[in-house]
Amino acid sequence: MTDKIGYTRKGDIAVLRISNPPVNALSHAVREGLVAGMDRAEADDGVKAVVIVGDGRAFIAGADITEFGKTPLEPFLPDLCKRIEDSPLIVVASLHGVSLGGGLEVALSAHYRIAQPSAKVGLPEVHLGLIPGAGGTQRLPRLIGVDAALDLITTGRQVKADEADRLGIIDEITEGDPGEVGLAYAEKLVASNAPRRPISEMEAPDPIDWDAAYDGTLKKGRGQISPAQAVRAVQASVELPFHQGMQAEREIFMDLMRTDQRQGMIHAFFSERAVGNLPELKGVEPRALQSIGIIGGGTMGAGIATAALLAGFNVVLIEMKLDAAEAARARISGNLSGALKRGKISELQFKTLTTVALEVSINYDSLASVDLVIEAVFEDMAVKKDVFGKLDAVCKPDAILASNTSYLDINEIAASTSRPESVIGLHFFSPAHVMKLLEVVVAEKTAPDVVATGFALGKALNKISVRAGVCDGFIGNRILATYRTAADHMVLDGASPYQIDKALVDFGFAMGPFAVADLAGLDIGWATRKRKAATRHAAERVPTYPDKICEAGNFGQKTGKGFYVYEAGTRGGVPNPEVPELIDAERAERGITPRDFTDAEIVRRYMAAMVNEAAKLLGEGIAKRPLDVDMVLLFGYGFPRYWGGPMKWADLQGLPALLADIERYATEDAWFWQPAPLLKQLVAEGRTFDDLNKDAAR
Ligand code: 3H9
């Protein structure tokens with residue numbers, strides 16, 4: 002026995018209690034302890050049944066992810082599951098909290114399962130680039146059939162106890178202490194002479210059209226391979242005897258363990274948790290937050306208001322005129338009725354949120370007692386300064402004043418108030434009640450407790466909050482501007498916007514950059530180009546054909562035409578035939594002979610531009626850690642999760658080769674392709690971006 006497993010006996014029942022905080026992951030010592038516990042129970046005279054139960058907040062959250070990539074140590078998890086299932090004693094798993102991955106697989110190797118009403122079960126391995134590797138793909142289909150098992154395994158979704166009961170995953174739901182409930186259930190089973198019930202001995206389920214299921218799953222995965230591989234493993238459960246199916250599962254599991262996708266997804270898992278954990282905020286208490294003011298009730302302001310209301314804050318929204326204020330209220334109600342329809346809030350909550358919790362006003366005095374104000378008005382420094390001046394005058398002294406600007410200088414905004422230490426950037430992404438990313442922009446004088454409050458707000462709103470420093474575009478939009486420029490250059494040199502979009506969607510992005518531009522509105526890029534024209538370096542290559550699209554009144558989806566043409570009632574657009582003509586004309590004007598680009602070259606240049614700019618940001622301290630950049634791109638820019646983020650992607654490709662490519666591109670355009678000093682340094686030292694993440698965690 003190890004100290005991770007407690008052994009107690011009551012009558013003829015032995016109880017094995019797992020104690021491996023925080024979530025009882027199946028670390029080596031837990032696996033060893035469970036095997037030893039089974040040995041002891043079987044040797045313990047008179048014991049007829051074993052109850053396995055978890056201490057703390059979960060039964061078992063799965064295999065210990067921190068052990069992945071290291072040499073596996075015996076006993077392996079599939080062997081532990083076999084050891085449990087093969088026991089001559091009756092084995093009961095008593096589930097509470099979550100039973101995920103290997104946790105559910107342990108439960109499936111028990112002969113009976115009882116659960117708390119609040120328990121959740123699932124096989125989320127696909128989210129880590131894996132498949133269940135301890136019999137989940139072999140036992141679950143035998144227990145609940147192929148269709149239901151494939152649904153759970155290929156989506157990784159968690160199901161609550163009632164659904165798990167309906168599906169037949171668990172046998173009983175009983176509220177109470179999991180140890181006692183499990184014990185009582187085991188006593189009942191023993192008293193009624195219930196048989197052992199090994200799932201491996203159950204009949205194989207009926208087959209389905211495996212190739213169709215595989216193809217459909219592969220397509221849905223948008224480049225992610227593990228869900229489709231899970232189909233093949235489930236197929237083995239139908240076509241092979243149990244022990245051979247287990248071998249097939251193990252082979253697929255081990256193959257996936259060696260993939261970049263597994264590394265990328267596990268990087269994403271840990272980074273998602275590390276991103277809000279800033280060394281500079283250790284021991285810093287956030288300010289109290291109950292009520293939030295919002296200036297501006299357009300799409301962004303209304304989205305932020307919706308998110309804040311759903312998180313339980315009182316909201317005071319300020320607009321300039323009464324009709325605009327009422328329009329803002331209508332927008333928020335519209336957003337909230339979406340939440341009502343999806344069952345996220347009740348009718349009563351909807352009523353409370355749209356009336357009691359929300360105040361819409363045209364008078365800044367209504368903000369006198371709010372704890373934090375988020376300004377979401379027009380992107381113009383003079384307008385922002387005017388708003389901040391008014392806020393500074395009416396808000397209580399310790400109220401935090403935040404700007405949702407996406408590129409303006411927060412230092413300058415802060416300097417226009419009497420409380421620069423209480424000014425911060427909170428950059429939401431539209432629609433703000435849906436998008437997960439929040440950039441917390443820390444200005445020169447922002448106080449640590451104000452930064453901590455920004456992060457506390459992000460957490461309350463269920464966002465992934467990332468610390469950013471002040472620069473034009475902060476982390477996300479500054480990097481976007483650069484990789485978008487790389488795409489623009491490729492168009493000038495011979496690629497079409499449509500080939501570029503397709504190559505990047507095939508790489509795994511949710512959308513390509515030109516489709517994104519159409520969605521955001523082409524007028525935004527147009528305004529940025531005009532704004533930057535005065536300070537532009539002579540060597541910068543900026544295409545003019547997109548200006549011509551805008552001059553004709555075509556701003557993308559909202560006008561029905563941009564890079565694509567959008568027919569009413571259809572999703573997505575078809576290429577706008579006018580665009581290639583405009584591009585041809587510009588190439589002719591510039592004397593460019595177009596050349597072909599392969600899809601691989603498109604991806605390589607686009608990604609190289611992204612990584613190089615990110616490395617510059619890191620070198621400047623705008624982003625503190627590579628993982629911060631990764632999370633911005635993952636949660637705000639549709640970057641494929643299975644690559645872990647651009648910095649993880651770069652590590653996986655190898656930094657020396659990437660730097661060599663950037664230096665080669667620089668022979669064509671030395672201005673744009675200036676290698677980031679940090680990238681050169683890492684290559685010289687033989688280090689990776691992930692090494693910098695590790696340095697930061699020390
Ligand atoms: C698997 O089982 C493979 C098998 O099929 C086959 C094997 C052969 N391991 O998320 P939280 C840590 S694959 C190690 O903040 P919450 C987590 O990093 C596994 N550590 O809390 C964090 O650490 P820190 C399949 C883990 O309440 C702390 O626990 N299982 C593991 O919001 C708290 O986590 C999964 O994929 C783990 N398995 O959510 C489940 N899980 O405090 C993955 C968590 O230092 N886990 N930690 O930052 C989750 O989904 C959530 O963590 C959970 C709790 C729902 C459990």
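Adding 1 to a residue's 1-based position in the sequence shown gives its number in this note's numbering. Where is the CB? At the ideal position from N, CA and C, for every residue including glycine.
Local conformation of residue i per DSSP, three classes
i	result
Tyr-546	helix
Ile-305	helix
Val-160	strand
Arg-468	strand
Tyr-365	helix
Thr-260	coil
Tyr-638	coil
Asn-315	strand
Ser-703	Nothing can be reported for residue 703: it is not among the residues displayed for the chain, which extend from 2 to 699.
Gly-526	helix
Tyr-484	helix
Gly-123	strand
Ser-100	strand
Val-276	coil
Glu-440	strand
Pro-208	coil
Thr-9	strand
Gly-284	coil
Ser-404	strand
Tyr-567	coil
Ala-535	coil
Leu-141	helix
Gly-1	A question about residue 1 goes unanswered here, because the residues of the chain that appear run from 2 up to 699.
8 Å contact criterion, which residue i and residue j should meet: CB distance rounded
i	j	result
Ile-305	Asn-405	7 Å
Ala-403	Ile-375	5 Å
Leu-124	Ala-64	Their Cβ separation, rounded to whole angstroms, is 11 Å, which puts Leu-124 and Ala-64 out of contact at 8 Å.
Gly-563	Gly-570	With a Cβ gap of about 18 Å, Gly-563 and Gly-570 do not count as contacting.
Glu-360	Val-395	Incorrect: roughly 14 Å between the Cβ atoms, too far for contact.
Gly-183	Ile-115	6 Å
Thr-3	Ala-44	That belief does not hold up - the Cβ atoms of Thr-3 and Ala-44 are roughly 17 Å apart, past 8 Å.
Val-452	Ile-425	7 Å
Arg-303	Asn-336	Residue identity differs from the one stated: residue 303 is Ala in this sequence, not Arg. Sure, about 6 Å apart at Cβ, within 8 Å.
Ala-400	Ser-423	7 Å
Best match in the options for proximity to residue i [C-alpha to C-alpha]
i	options	result
Ile-85	Ser-201, Ala-677 and Ser-419	Ser-201
Leu-35	Ala-50, Val-24, Pro-23 and Ile-19	Ile-19
Phe-243	Gly-222, Pro-576 and Leu-144	Leu-144
Phe-69	Ala-521, Met-266, Thr-156 and Asp-13	Met-266
Ala-433	Gly-459, Glu-75, Ser-238 and Asp-692	Gly-459
Gly-7	Gly-180, Ala-528, Lys-161 and Gly-137	Gly-180
Lys-549	Glu-204, Glu-582, Met-436 and Lys-559	Glu-582
Pro-595	Ala-518, Val-684, Ser-497 and Pro-576	Ser-497
Trp-527	Phe-510, Asp-502 and Ala-553	Ala-553
Leu-523	Met-648, Lys-559 and Asp-489	Lys-559
Ala-610	Ala-482, Asp-178 and Ala-312	Ala-482
Lys-83	Gly-103, Asp-46 and Leu-282	Gly-103
Residue interval of the beta strand (DSSP E) (run including residue i)
i	result
Glu-376	373–376
Val-92	91–96
Leu-427	424–429
Check whether residue i and residue j have beta carbons under 9 Å apart
i	j	result
Ala-42	Leu-78	no
Asp-393	Thr-418	yes
Gly-495	Phe-598	yes
Gly-100	Ala-120	Reading the sequence as shown, one finds Ser at residue 100 and not Gly. Yes, they are a contact pair.
Ile-170	Val-160	yes
Pro-544	Lys-617	no
Ser-370	Asn-478	no
Val-633	Leu-438	yes
Gln-700	Gly-645	The structure shown does not extend to residue 700, since the chain spans only 2 to 699, so no value can be given for it.
Tyr-365	Met-491	no
Asp-13	Val-48	yes
Asp-1	Ile-209	The structure shown has nothing for residue 1, since the chain only spans 2 to 699.
Ala-415	Thr-447	yes
Glu-250	Ile-66	no
Gly-639	Val-517	yes
Tyr-215	Ala-229	yes
Minimum Cβ-Cβ distance from residue i to chain D less than 9 Å
i	result
Ala-383	Protein chains in the displayed structure number just one, and chain D is not present.
Endpoints, the alpha helix (DSSP H) within which residue i is located
i	result
Ala-601	600–621
Tyr-186	179–192
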